[in-house]
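**Student:** Residues in the sequence shown are numbered from -14 upward in steps of one, following the working numbering.
Built from N, CA and C at the ideal position, the CB exists for glycine as well.
Remember, it's a predicted structure, so these values are computed and weren't measured experimentally.
Let me give you the structure first, and then I'll get to my questions.
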Amino acid sequence: MRITTRADLNIGLICNLKCKFCYDLDTLNIKKKPSLDKLREEVAFLKKRGIETIDITGGEATLRQDLTTIIKMIKEEFSISNICIITNGYKLADLNYMKEVINAGVNEFVFSIQGASAEVHDQLVDVKGSFDRVIKAIEQACQLGVIVRVNTTVTSYNYDKVLDIAGLISRFTIKNYNLILFSPLLDAADRSKEMMVKYSVAATYLKKTIDQYQDRIEHICVKLIPICFMQGYEKHVVNLVQTSYTTFDWDFCLRSRRRKGAMLFWLSTMAGILLFINFGSILKRKPKEVMKDAFLSFQESTNKFKPSQCKQCKFNPICSGVWREYNQEFGASELIPVQGEDVLRPYEFLEDSLC
């Protein structure tokens, strides 16, 4: 199975919105943004290790005054021609600015939409007018012929609106729609009770969205949900351990290695092999796959919890359970083991076109 060749480049935690579910809400606009030379070092690290696509992210990437300089550096100095910006779309509603960014080298955008109406979206991002601007930005990007993808963070505020959001964006040419269940990480942990929705409840709406729009949106992915809630829809589930094998996701192993250092990365990988990898499958798979699965499984175990019944589920080897905060709030009684032979490869159900 091909390993993803996509990576993220964080150019600073500055933002013009105040999304209630943001990991960095309390630290936005405080930390110093990385210099151009520092970013150049990061891109060199990624290029050396086979990365072919860079997702520029933040914060909100479009707020950097030197964004086009960064884009040109990636494209011209490192010959990386696939460049994406992950954005809230607010500034890109300016058509001239969007053209400037595209002319610099961007050929893909990932827009964040949290509701099918201004009422829901603007409430979640806490800035009025945001909804109208992101919809305008999406329309312009589609007209200009670049790849457009969309993210929605599924929370207690909008889980029952995802069908409407899919209907809204389906009138555009959308390459990939990610429905991402809320994660209580970093600053977002303090808002977990407010933001979390029961997986069993959200899954009903997620499945309906797939049923109704999978023929109109090329790839619909559901992220960060235990696989047992998505029986019959497994090919749409992309959790952390699956990200190594999809074309739209980052190489999180490479990301952690460059941020935390090689020693900690390898120690975590070895721990993951001992604790989480089925030894009977090791000889049947490529070493690189085993190492990535081991590292990501170990990383997930530091934040997540598996109740005893998970051991009886065929998805147990490739599923990370629930967030510890989720277990504290809702418990684990809704997790029902799926019987069958153990699934050992994280990409077992992924669509070929997604890999």
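So what does DSSP say about Asn263, is it helix, strand or coil?
**Tutor:** As a working note, residue 263 is residue 278 in the sequence shown. Coil at Asn263, not helix or strand.
**Student:** Rounded to whole angstroms, what's the CA-CA distance from Lys289 to Ile98? Just pull it up for me.
**Tutor:** Translated into the one-based positions of the sequence shown, residue 289 becomes position 304. Translated into the one-based positions of the sequence shown, residue 98 becomes position 113. Using only the alpha carbons, I get a separation of about 27 Å.
**Student:** Run through the DSSP bridge pairs and tell me what Thr42 is partnered with.
**Tutor:** Numbered from 1 along the sequence shown, position 57 holds the residue referred to as residue 42. Answer by DSSP bridge pairing, in chain order: Asn(-5).
**Student:** DSSP on Ser20, reduced to helix/strand/coil?
**Tutor:** Position 35 of the sequence shown, counted from the first residue, corresponds to residue 20. Coil.
**Student:** Do Thr54 and Leu77 count as a contact pair if the criterion is CB distance below 8 Å?
**Tutor:** Here the question's residue 77 lines up with position 92 in the sequence shown. Here the question's residue 54 lines up with position 69 in the sequence shown. Going by C-beta atoms, Leu77 is not nearer than 8 Å to Thr54.
**Student:** From this set, Leu225, Leu153, Lys273, which residue's C-alpha is nearest Ser282's C-alpha?
**Tutor:** Indexing the sequence shown from 1 puts residue 282 at position 297. Taking only the C-alpha atoms, the option nearest Ser282 is Leu225.
**Student:** State yes or no: is the C-beta of Ala(-8) nearer than 7 Å to some heavy atom of the ligand SAH?
**Tutor:** The ligand SAH is absent from the structure shown, which contains no ligand whatsoever.
**Student:** Going by C-alpha to C-alpha distance, which of Ile39, Ile205, Pro331 sits closest to Met276?
**Tutor:** Here residue 276 corresponds to residue number 291 of the sequence shown, with the count starting at 1. Of Ile39, Ile205, Pro331, the residue nearest in Cα terms is Pro331.
**Student:** Which ranges does the alpha helix (DSSP H) cover as unbroken runs of at least 4 residues, wholly within the region 43 to 86, from first to last along the chain?
**Tutor:** 52 to 57
**Student:** Can the beta-carbon of Val139 be found closer than 8 Å to that of Asn1?
**Tutor:** Translated into the one-based positions of the sequence shown, residue 139 becomes position 154. Translated into the one-based positions of the sequence shown, residue 1 becomes position 16. No.
**Student:** If you draw a straight line from the alpha carbon of Lys84 to that of Glu310, how long is it in whole angstroms?
**Tutor:** Numbered from its first residue, the sequence shown carries residue 84 at position 99. Numbered from its first residue, the sequence shown carries residue 310 at position 325. In a straight line, the C-alpha of Lys84 is about 43 Å away from that of Glu310.
**Student:** Check whether the region 193 to 200 and the region 118 to 132 touch, using three or more Cβ-Cβ pairs below 8 Å as the test.
**Tutor:** Here the region 193 to 200 makes no contact with the region 118 to 132; the two share fewer than three CB pairs at distances below 8 Å.
**Student:** So what does DSSP say about Ser97, is it helix, strand or coil?
**Tutor:** For this step, residue 97 is matched to residue 112 along the sequence shown. Residue state, collapsed to three classes: strand.
**Student:** Ends of the beta strand (DSSP E) at Cys206?
**Tutor:** Start at 1 with the first residue of the sequence shown, and residue 206 comes out as number 221. Element bounds for Cys206: 205 to 208.
**Student:** On the three-state DSSP scale, how would you describe Arg118?
**Tutor:** For this step, residue 118 is matched to residue 133 along the sequence shown. Helix at Arg118.
**Student:** By DSSP's criteria, Lys289 is part of a beta bridge. Which residues make up the other side?
**Tutor:** Locating residue 289 in the sequence shown gives position 304, counting from the first residue. Lys289 is bridged to Trp308.
**Student:** Identify the continuous beta strand (DSSP E) that holds Leu164 and give its terminal residues.
**Tutor:** Locating residue 164 in the sequence shown gives position 179, counting from the first residue. It spans 161 to 166 - the beta strand (DSSP E) in which Leu164 sits, taken as one unbroken run.
**Student:** Could you give the first and the last residue of the continuous alpha helix (DSSP H) run that contains Ile194?
**Tutor:** The sequence position of residue 194 within the sequence shown is 209, counting from 1. Looking at the sequence provided, one finds Thr at residue 194 rather than Ile. It spans 184 to 198 - the alpha helix (DSSP H) in which Thr194 sits, taken as one unbroken run.
**Student:** Assuming Val119 contacts Phe96 (C-beta within less than 8 Å), just tell me the rounded distance between them.
**Tutor:** Translated into the one-based positions of the sequence shown, residue 119 becomes position 134. Translated into the one-based positions of the sequence shown, residue 96 becomes position 111. So it is a contact: roughly 6 Å between Cβ atoms.
**Student:** Identify which residue in Glu179, Leu153, Arg176, His221 has its Cα closest to the Cα of Ile195.
**Tutor:** By 1-based counting over the sequence shown, the position of residue 195 is 210. When only C-alpha atoms are compared, the closest one is His221.
**Student:** Just mark Thr287 as buried or exposed, buried being the case when its beta carbon has 16 or more other beta carbons within 10 Å.
**Tutor:** One-based indexing of the sequence shown puts residue 287 at position 302. When all chains shown are included, Thr287 counts as exposed.
**Student:** Nearest to Ala279 by CA position, among Trp251, Ile(-1), Lys296, Pro19, is which residue?
**Tutor:** Here the question's residue 279 lines up with position 294 in the sequence shown. Closest by alpha carbon: Trp251.
**Student:** Could you tell me which residues DSSP puts in a beta bridge with Ile132?
**Tutor:** If you number the sequence shown from 1, residue 132 lands on position 147. Answer is Glu93, bridged to Ile132.
**Student:** If you count every other CB in all the chains shown that lies within 10 Å of the CB of Asp337, and 16 or more means buried, which is it?
**Tutor:** As a first step, residue 337 is located in the sequence shown; it is residue number 352 there, counting from the start. A residue is called buried when at least 16 other Cβ atoms come within 10 angstroms of its Cβ; Asp337 does not meet this threshold and is exposed.
**Student:** Can you look up Thr138 in the DSSP assignment and give me helix, strand or coil?
**Tutor:** On the sequence shown, residue 138 is found 153 positions in, with the first residue counted as 1. Of the three classes helix, strand and coil, the one that applies to Thr138 here is strand, per DSSP.
**Student:** Is it a yes or a no for the region 316 to 336 touching the region 253 to 271, going by three-plus beta-carbon pairs under 8 Å?
**Tutor:** yes
**Student:** How should Asn14 be labelled, buried or exposed, when 16 other C-beta atoms within 10 angstroms of its C-beta is the threshold for buried?
**Tutor:** Numbered from 1 along the sequence shown, position 29 holds the residue referred to as residue 14. Its Cβ having fewer than 16 others within 10 Å, Asn14 is exposed.
**Student:** Looking at C-alpha atoms only, which residue of Ala103, Gln108, Met58 is the closest neighbour of Val86?
**Tutor:** By 1-based counting over the sequence shown, the position of residue 86 is 101. Closest option to Val86, Cα to Cα, is Met58.
**Student:** Along the alpha helix (DSSP H) that carries Ala174, what are the first and last residues, could you check?
**Tutor:** Against the sequence shown, residue 174 aligns to sequence position 189. From DSSP, Ala174 is part of no alpha helix (DSSP H); its letter is neither H nor E.
**Student:** Cα separation between Glu203 and Gln227?
**Tutor:** For the purposes of this step, residue 203 is taken as the residue at position 218 of the sequence shown. For the purposes of this step, residue 227 is taken as the residue at position 242 of the sequence shown. Whole-angstrom Cα-Cα distance: 19 Å.
**Student:** Ordered along the chain, which non-local residues of its own chain (more than five positions away) have a Cβ less than 6 Å from that of Phe334?
**Tutor:** If you number the sequence shown from 1, residue 334 lands on position 349. Excluding residues within five positions, the ones whose Cβ falls inside 6 Å are Glu219, Lys220.
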